[in-house]
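A.B. asks:
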Amino acid sequence: MFPQSVFPDSAEVDSQGQLILGGCKASDLAEEYGTPIYVLDEKTLRTRCRSFIDEFRKIYPNTNVSYACKAYINPILAKLFLEEGMGFDVVSGGELATTISASIPMDEVYFHGNNKTPQELKEALDSSIGWVVVDSFHEMQLLDQLAGESGKTQDILIRVSPGVDPHTHVYTTTGVLDSKFGFSIQTGHAAEAIRMGLSAKNLNLRGLHFHLGSPIFELEPYRVAVDLVLRFAAQFREEGLALQKFSPGGGFAISYTREDEPPPVSDYAETIVSTIKETCEDLGMELPSLVIEPGRAIIGPAGVALYRIGAIKDVPGVRKFVSVDGGMGDNIRPALYQAEYEVVAANKADQEPVEQVTVAGKYCESGDLLATDVMLPHLESGDILAIPAAGAYCPSMASTYNMNPRPPMILVKDGKSQLIRRRESYQDLLSLDLV
Ligand SMILES: Cc1ncc(COP(=O)(O)O)c(C=O)c1O
162 MFPQSVFPDS
172 AEVDSQGQLI
182 LGGCKASDLA
192 EEYGTPIYVL
202 DEKTLRTRCR
212 SFIDEFRKIY
222 PNTNVSYACK
232 AYINPILAKL
242 FLEEGMGFDV
252 VSGGELATTI
262 SASIPMDEVY
272 FHGNNKTPQE
282 LKEALDSSIG
292 WVVVDSFHEM
302 QLLDQLAGES
312 GKTQDILIRV
322 SPGVDPHTHV
332 YTTTGVLDSK
342 FGFSIQTGHA
352 AEAIRMGLSA
362 KNLNLRGLHF
372 HLGSPIFELE
382 PYRVAVDLVL
392 RFAAQFREEG
402 LALQKFSPGG
412 GFAISYTRED
422 EPPPVSDYAE
432 TIVSTIKETC
442 EDLGMELPSL
452 VIEPGRAIIG
462 PAGVALYRIG
472 AIKDVPGVRK
482 FVSVDGGMGD
492 NIRPALYQAE
502 YEVVAANKAD
512 QEPVEQVTVA
522 GKYCESGDLL
532 ATDVMLPHLE
542 SGDILAIPAA
552 GAYCPSMAST
562 YNMNPRPPMI
572 LVKDGKSQLI
582 RRRESYQDLL
592 SLDLV
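Start counting the sequence shown at 162; every next residue gets the next number (our numbering).
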């Protein structure tokens with residue numbers, strides 16, 4: 162059965178068993194643009210933006226939905242997200258430069274990161290960025306000094322670490338005590354940071370932020386952490402902390418495999434918003450404006466990676482390796498944190514699975530396996546494999562390992578495709594090296 166739940170909204174299988182994405186035949190896209198290639202379904206991107214904005218604003222009008230650019234950004238996508246009414250969260254000078262190049266208004270841009278460099282902070286100040294989310298004492302001092310030097314007062318949020326475990330992979334858990342991110346509430350550092358922020362001459366502390374990790378399939382961690390952080394914030398009212406903005410970050414889960422059942426956006430919204438309302442009422446606190454930062458949940462479901470099969474190696478009684486022309490260079494997630502994916506034979510999508518295979522990449526690492534022990538139809542060299550739910554944290558984490566050029570990206574809609582990032586060339590790869 163075709164795993165519709167992990168594919169973009171527009172995906173279907175035609176009467177010839179061909180996978181169709183945004184009205185385009187996947188095998189035609191592979192022919193026209195080459196493989197590997199990342200295909201993004203425009204309809205899914207826009208629908209996901211709208212669902213976050215609508216589900217939150219319906220019950221909490223004062224919500225800003227900021228796209229977490231780390232999931233993947235480029236100028237055309239930034240403009241598309243802007244059209245949908247999204248704000249932006251960036252974590253580097255490069256992501257900031259991307260939003261600037263797309264003429265994104267800076268007032269709803271948030272700058273995150275546990276070790277922003279002096280250069281990046283200067284770039285943020287020069288761009289008149291709306292918000293810096295301060296993550297360390299070092300950054301607080303540096304930003305205060307740099308803002309003073311440029312004659313500015315910078316609005317900031319403080320990132321606190323609430324010590325709530327969201328039960329996801331240890332590499333993507335961020336809001337616990339043993340984490341490089343944020344000021345821990347438990348150790349007293351968060352309290353110290355708030356006092357420092359309130360007394361900083363060139364900083365205007367206007368709220369708190371936390372991010373628990375990603376992907377979070379449970380609602381309870383959000384409920385517990387929202388309540389905890391609001392109660393913590395209330396302790397500083399007398400000292401002058403007015404919680405104008407409050408952000409529980411991102412981390413909203415998506416389906417990677419047909420077994421995954423992430424909560425609908427409305428459930429995340431209901432949990433976060435009802436907790437804010439109840440806790441604020443209990444504390445007699447004014448309702449803050451809310452900032453939500455989905456990345457994966459916006460672009461993840463919209464993306465499908467297409468690969469062409471080359472070598473097939475059968476080790477009798479052990480394993481059959483089906484090798485494709487991409488791998489860990491364009492999708493590091495299976496190697497990095499054992500992420501699992503569905504795999505569909507794009508030109509045989511109506512055929513029954515008949516054999517168990519392991520889909521291997523082309524990189525010189527034994528760990529370069531995209532999917533282990535998956536059931537697929539009988540495969541031959543030249544067939545196209547599609548890996549869905551690949552829009553987030555795949556192209557953005559891509560590398561040129563083994564001097565392999567990074568894949569292109571296209572947007573598909575209504576039977577038309579648009580190249581939004583071209584394939585890297587050998588010249589691109591060599592252009593940085595001096596001879
Ligand atoms: C501060 C912050 N906000 C938002 C996100 C986005 O998370 P996701 O893509 O899972 O929604 C991250 C991810 O690491 C993050 O660190």
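Where is the CB? At the ideal position from N, CA and C, for every residue including glycine. No experiment lies behind these values; they were computed from the predicted model shown.
#1: Identify the residues that DSSP records as bridge partners of H370: which are they?
#2: Starting from I290 and walking both ways along the beta strand (DSSP E), at which residues does that stretch end?
#3: Can you tell me which residues form a DSSP beta bridge with A532?
#4: Around the C-beta of E503, are 16 or more other C-beta atoms found within 10 angstroms, so that it is buried, or is it exposed?
#5: Please output, in chain order, the residues near ligand 1 using a CB cut-off of less than 5 Å to any non-hydrogen atom of the ligand.
#6: Which full runs of the beta strand (DSSP E) of 3+ residues lie inside the stretch 375 to 443, going along the chain?
#7: CB of I317 to nearest heavy atom of ligand 2: below 6 Å?
#8: Compute the distance between the beta-carbons of E269 and G291, then report whether it is under 7 Å.
#9: Taking R320 as the reference, give the member of F298, H328, Q306, D326 with the closest Cα.
#10: Near V174, what residues of its chain come up, given a Cβ to Cβ distance below 8 Å and the 5 sequence neighbours on each side ignored?
#11: Would you decide whether H328 is buried or exposed? Buried here means 16 or more other CB atoms lie within 10 Å of its CB.
#12: Are A232 and G456 closer than 7 Å when you measure CB to CB?
#13: What separation, rounded to the nearest whole angstrom, lies between the Cα atoms of T224 and V485?
#14: Using CA atoms only, rank isn't needed, just tell me which of S227, A430, P449, Y383 is closest to Q405.
#15: Given a cut-off of 7 Å on the beta-carbon distance, is the pair A430 and E216 in contact?
#16: Any idea which residues DSSP pairs A191 with across the strands?
#17: Can you grab the Cα-Cα spacing for the pair K219 / F242, in whole Å?
#18: Out of D287, N275, M558, point me to the one whose CA is closest to A258's CA.
#19: Looking only at C-alpha atoms, which of S427, V337, L546, D296 sits nearest to A187?
#20: Report the three-state DSSP secondary structure of M446 (helix, strand or coil).
#21: Looking at A239: is its Cβ nearer than 7 Å to the Cβ of A263?
#22: With a Cβ-Cβ cutoff of 7 Å, do D159 and N365 count as a contact?
#23: Using the DSSP secondary-structure output, state which residues sit across from Y228 in a beta bridge.
#24: Per DSSP, what kind of secondary structure is N565 in: helix, strand or coil?
#25: Mind checking who N365 pairs with in its DSSP beta bridge?
#26: What does a CB cutoff of less than 7 Å around R384 pick up in its chain, not counting 5 residues either side in sequence?
#27: Three or more C-beta pairs closer than 8 Å, one from the stretch 551 to 564 and one from the stretch 464 to 478: is that the case here?
#28: By alpha-carbon positions, which one of S375, G368, E400, P376 ends up nearest to L391?
C.D. replies: In short:
#1: Here residue 370 corresponds to residue number 209 of the sequence shown, with the count starting at 1. Beta-bridge pairing links H370 to R320, S408.
#2: Along the sequence shown, one-based indexing puts residue 290 at 129. Taken as a continuous stretch (DSSP letters only), I290 belongs to no beta strand (DSSP E), as it is neither H nor E.
#3: For this step, residue 532 is matched to residue 371 along the sequence shown. Paired residues: V520.
#4: Residue mapping note: residue 503 aligns to position 342 of the sequence shown, counting from 1. Buried, by the Cβ-count rule.
#5: A229, A232, H273, H372, S375, G410, G411, G412, E454, P455, G456, R457
#6: 406 to 410
#7: Questions concerning ligand 2 fall outside what the structure shown contains, since the ligands it does hold are ligand 1.
#8: As a position in the sequence shown, residue 269 is number 108, starting the count at 1. As a position in the sequence shown, residue 291 is number 130, starting the count at 1. Their beta carbons are under 7 Å apart, which means E269 touches G291 by this criterion.
#9: By 1-based counting over the sequence shown, the position of residue 320 is 159. Here the closest residue by C-alpha is F298.
#10: Taking the sequence shown and counting its residues from 1, the one referred to as residue 174 is at position 13. Around V174: F163, L180, I181, A510, D511.
#11: By 1-based counting over the sequence shown, the position of residue 328 is 167. With fewer than 16 other Cβ atoms within 10 Å, it is exposed.
#12: For this step, residue 232 is matched to residue 71 along the sequence shown. For this step, residue 456 is matched to residue 295 along the sequence shown. Yes; because the gap between Cβ atoms is below 7 Å, this pair is in contact.
#13: Residue numbering aside, residue 224 sits at position 63 when the sequence shown is read from its first letter. Residue numbering aside, residue 485 sits at position 324 when the sequence shown is read from its first letter. Computed Cα separation, rounded: 43 Å.
#14: Translated into the one-based positions of the sequence shown, residue 405 becomes position 244. Closest option to Q405, Cα to Cα, is P449.
#15: Here residue 430 corresponds to residue number 269 of the sequence shown, with the count starting at 1. Here residue 216 corresponds to residue number 55 of the sequence shown, with the count starting at 1. Yes; because the gap between Cβ atoms is below 7 Å, this pair is in contact.
#16: As a working note, residue 191 is residue 30 in the sequence shown. According to DSSP, A191 bridges with nothing at all.
#17: Taking the first residue of the sequence shown as 1, we reach residue 219 at position 58. Taking the first residue of the sequence shown as 1, we reach residue 242 at position 81. If I take the Cα positions, the gap works out to 19 Å.
#18: The count along the sequence shown starts at 1 and reaches residue 258 at position 97. For A258, the nearest C-alpha among the options comes from D287.
#19: Counted from its first residue, the sequence shown places residue 187 at position 26. Answer by Cα proximity: L546.
#20: The residue given as residue 446 occupies position 285 in the sequence shown. Three-state DSSP puts M446 in coil, outside helix and strand.
#21: For the purposes of this step, residue 239 is taken as residue 78 along the sequence shown, with counting starting at 1. For the purposes of this step, residue 263 is taken as residue 102 along the sequence shown, with counting starting at 1. Yes, these two residues count as a Cβ contact at 7 Å.
#22: Coverage of the chain is limited to positions 162 through 596, which leaves residue 159 absent and any answer about it impossible.
#23: Here residue 228 refers to the residue found at position 67 when the sequence shown is read from its first residue. Note: Y228 sits in a beta bridge opposite F249.
#24: On the sequence shown, position 404 is the one that residue 565 refers to. N565: coil per DSSP, three-state reduction.
#25: Here the question's residue 365 lines up with position 204 in the sequence shown. Answer is D316, bridged to N365.
#26: Sequence index remark: in the sequence shown, residue 384 carries index 223 (1-based). The residues are T432, T436.
#27: yes
#28: The residue labelled residue 391 in the question sits at position 230 within the sequence shown. That would be G368, whose Cα lies nearest to the Cα of L391.
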